[in-house]
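Undergrad: This structure is in structure tokens; I'll ask about it shortly.
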């Protein structure tokens, strides 16, 4: 009988080598593919609805769903991203010239009043400006890199849409193939896919979507009532909305104070009402409807994953950070479930 061990060793070495090579080939697009999968899962209800309208034609349904993503998600995000970059640069220039504009002036004024009441040895007003300046530098660097290469941005956008289309169209085939290759039982594979699906929905359609809506409404309110750099502060409000108990008030309170201090009393009252009605009730009204079930992650962990994701992945980390955390929790829960049932 022929000894096939050398042949198997050679095949395994060849397989490992090729796998490493393929990994580095696909590596520049991992983030894009990850986002495409996450959006395909989160928007699957829309795809299923379109699929029923076109009588089960998966290709046509995937095309229409992709067009919906382009029109209602990618196009607005591109506009908002450019606007955030422009306003961040304007604010950074103002701070660099030792100016006091908008929130910066209000914060400095409040800090000075606090220091008059309770003297603090540190120059907190200067520290606040430095912290905001450092944050703006980080933002400008990452957004500058993002928009500096139009060709690279267009390539990743094309790959995202292409991947999104095929994940919608052939997702059931990909899922079946993964289950065939998996050494786990089909029931265990189904349980893992179900929990991952719930985890992605819990993050995207739950915490992040609510935060995005609150940030959008905050930006609209700031624009209506005349607060400068409204898009930039609206994006900041979307992040602060993830902070338990505090939320968008970290942006709204200084904005309202800015209006009252600058003499715009009517606008200040209007923004206060807007903050209480349009922004404050979103979480309580939409939260239960957007997330029917799924893995519940504490808002503090969501916030840390957003900040860590922004630091590690760049602007796209706003999504990738929480999604990575949610996938970890899903896999941990699945693991202990398998251990318990084995």
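Numbering (the working numbering), first residue to last: 2 to 343.
Positions of the beta carbon are idealized from the N, C-alpha and C atoms, including for glycine.
On a predicted model such as this, the values are computed, not experimentally measured, just so you know.
For the alpha helix (DSSP H) containing residue 7, name the first residue and the last one.
TA: What you label residue 7 is simply residue 6 of the chain shown in a count that begins at 1. Segment 6 to 27, the alpha helix (DSSP H) holding residue 7.
Undergrad: Does the Cβ-Cβ distance between residue 318 and residue 312 come in under 9 angstroms?
TA: Sequence index remark: in the chain shown, residue 318 carries index 317 (1-based). Sequence index remark: in the chain shown, residue 312 carries index 311 (1-based). Yes, the Cβ-Cβ distance between residue 318 and residue 312 is below 9 angstroms.
Undergrad: Give the DSSP-derived three-state secondary structure of residue 46 in the structure shown.
TA: Against the chain shown, residue 46 aligns to sequence position 45. In this structure, residue 46 counts as helix in the three-state DSSP scheme.
Undergrad: Determine the burial state of residue 200: buried for a count of at least 16 other Cβ atoms within 10 Å of its Cβ, exposed for fewer.
TA: Within the chain shown, the letter at position 199 stands for residue 200. Burial call: buried.
Undergrad: Quick check on DSSP: helix, strand or coil for residue 282?
TA: Locating residue 282 in the chain shown gives position 281, counting from the first residue. Looking at residue 282 - three-state DSSP - the assignment turns out to be coil, as it is neither helix nor strand.
Undergrad: Go to residue 333, then tell me how far its alpha helix (DSSP H) extends in each direction, as first and last residue.
TA: Indexing the chain shown from 1 puts residue 333 at position 332. Element bounds for residue 333: 318 to 342.
Undergrad: Do residue 37 and residue 159 have their C-beta atoms closer together than 9 angstroms?
TA: Position 36 of the chain shown, counted from the start, is the residue given in the question as residue 37. Position 158 of the chain shown, counted from the start, is the residue given in the question as residue 159. Contact flag unset, no.
Undergrad: When you compare the CB positions of residue 283 and residue 211, do they come within less than 9 angstroms of one another, or not?
TA: Position 282 of the chain shown, counting from 1, holds the residue named residue 283. Position 210 of the chain shown, counting from 1, holds the residue named residue 211. A contact, by the Cβ cut-off of 9 angstroms.
Undergrad: Spatial neighbours of residue 13 within its chain, please: C-beta separation below 6 angstroms, excluding the five flanking residues on both sides.
TA: Here residue 13 refers to the residue found at position 12 when the chain shown is read from its first residue. Answer for residue 13: no residue qualifies.
Undergrad: Taking DSSP as the reference, what is the three-state secondary structure of residue 306?
TA: Mapped onto the chain shown, residue 306 falls at position 305. In the structure shown, residue 306 sits in a helix (DSSP, three-state: H, G or I).
Undergrad: Using 8 angstroms as the cut-off, can you tell me whether the region 298 to 310 makes contact with the region 230 to 249, which would need three or more C-beta pairs spanning the two stretches below that distance?
TA: Touching, yes.
Undergrad: Please report the straight-line C-alpha distance between residue 207 and residue 43, rounded to a whole angstrom.
TA: Counting from 1 along the chain shown, the entry for residue 207 is found at position 206. Counting from 1 along the chain shown, the entry for residue 43 is found at position 42. Computed Cα separation, rounded: 10 angstroms.
Undergrad: Helix, strand or coil: how does DSSP classify residue 250 here?
TA: Mapped onto the chain shown, residue 250 falls at position 249. Correct three-state label for residue 250: helix.
Undergrad: Nearest CA to the CA of residue 203: which residue from 82, 72, 265 and 320?
TA: For the purposes of this step, residue 203 is taken as residue 202 along the chain shown, with counting starting at 1. Of the candidates 82, 72, 265 and 320, the one whose C-alpha sits nearest the C-alpha of residue 203 is 320.
Undergrad: What's the gap between the Cα of residue 76 and the Cα of residue 315?
TA: Within the chain shown, numbered from 1, the residue matching residue 76 stands at position 75. Within the chain shown, numbered from 1, the residue matching residue 315 stands at position 314. Approximately 20 angstroms, taken between the alpha carbons.
Undergrad: Thinking C-beta only, is residue 55 closer than 9 angstroms to residue 61?
TA: By one-based count along the chain shown, residue 61 stands at place 60. By one-based count along the chain shown, residue 55 stands at place 54. Yes, they are a contact pair.
Undergrad: What does a CB cutoff of less than 8 angstroms around residue 19 pick up in its chain, not counting 5 residues either side in sequence?
TA: Taking the first residue of the chain shown as position 1, residue 19 is located at position 18. Excluding positions up to five away in sequence, the list is empty.
Undergrad: Can residue 269 and residue 257 be called in contact, C-beta distance under 9 angstroms?
TA: In the chain shown, residue 269 corresponds to position 268, counting from 1. In the chain shown, residue 257 corresponds to position 256, counting from 1. Yes.
Undergrad: Would residue 219 pass as a contact of residue 280 if the rule is Cβ separation under 9 angstroms?
TA: In the chain shown, residue 219 corresponds to position 218, counting from 1. In the chain shown, residue 280 corresponds to position 279, counting from 1. In contact: residue 219 and residue 280 (Cβ atoms closer than 9 angstroms).
Undergrad: Helix, strand or coil for residue 56 per DSSP?
TA: Locating residue 56 in the chain shown gives position 55, where the first residue counts as 1. It is coil, neither helix nor strand.
Undergrad: Measuring alpha carbon to alpha carbon, tell me which of 59, 323, 334 and 216 ends up nearest residue 174.
TA: Numbered from its first residue, the chain shown carries residue 174 at position 173. With distances taken between Cα atoms, residue 174 lies closest to 59.
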